[in-house]
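Enquirer:
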Amino acid sequence: MSPHATHPHHDHEHGPGCGHTAVRHDGHVDYVHDGHLHHPHEDHVDEHAIAVDADHPDGHTQPAAGHDGAHAHGPDCGHDPIPHGDHVDYLVDGTLHHPHGDHCDLHGTLEVVAG
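Read in the numbering used here, the sequence shown has 104 at position 104, and its numbers run on one by one without any break.
#1: What does a CB cutoff of less than 7 Å around Pro81 pick up in its chain, not counting 5 residues either side in sequence?
#2: State the Cα-Cα distance for the pair Ser2 and His33, rounded to the nearest angstrom.
#3: According to DSSP, is His172 part of a helix, a strand, or is it coil?
#4: For Thr21, which residues from the same chain have a beta carbon less than 6 Å from its beta carbon, with the 5 sequence-adjacent residues on both sides left out?
#5: I'd like to know whether the C-beta atoms of Gly85 and Asp58 end up nearer to each other than 8 Å.
#6: Check whether the Cβ atoms of His38 and Asp30 lie closer than 8 Å to each other.
#7: Taking the beta carbon of His44 as the centre, do at least 16 other beta carbons fall within 10 Å, making it buried, or is it exposed?
#8: With DSSP as the reference, label Met1 as helix, strand or coil.
#9: Would you kindly report the start and end of the unbroken beta strand (DSSP E) that includes His28?
#10: In the DSSP assignment, the beta strand (DSSP E) including Asp80 goes from what residue to what residue?
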C-alpha cells in the first residue's frame, strides 16, 4: 500500500449532514473543508486534490460562466476553494473557476452530491 497525505488532528467527522459541501472525486465522496478536500478513511482523514487531466485542465482555458464579471474569487467570496494541481480553484455551480486577469478560466466540473 502506498503512503497518502493525511490531515493531522482532525476532530470533525465528515459524513451526511456534516455541513460541508460534498463532491464526487475518483469514485468516492470528498468533503470541502477550509480549502481542503477531505476523505474519511479508516481512523483518519485523507487530504485530496483534483488532478490536472483532460477533464480538469490547467492554465488558460475557455472563460467560465456562472457569476457576473464584477465578482472576484478569494477568501470569503462565497464559493468553496478547491485544491487543483498546484493551485486553488473555486467551485461555482459544479464548475471549477480559476481567476485569470479580468475573467475566470474553466478548469472542469465536479459533481456536487448530498453529503
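Just so it is clear, CB atoms sit at the ideal spot from N, CA and C, and this is done for glycine as well.
Expert: Let's see:
#1: Cβ neighbours of Pro81 beyond the five flanking positions: Gly35, Val88, Tyr90.
#2: With a pLDDT of only 44 at Ser2, under 50, the local geometry of the prediction cannot be trusted, and no value is derived from it.
#3: This structure leaves residue 172 out entirely; the chain is present only between 1 and 115.
#4: Val32, Asp80
#5: Yes. Within cutoff.
#6: yes
#7: exposed
#8: In this prediction, Met1 has a pLDDT of 38, which is less than 50 and means its spatial position is unreliable; what the coordinates show is noted afterwards. Looking at Met1 - three-state DSSP - the assignment turns out to be coil, as it is neither helix nor strand.
#9: 28-33
#10: 80-84
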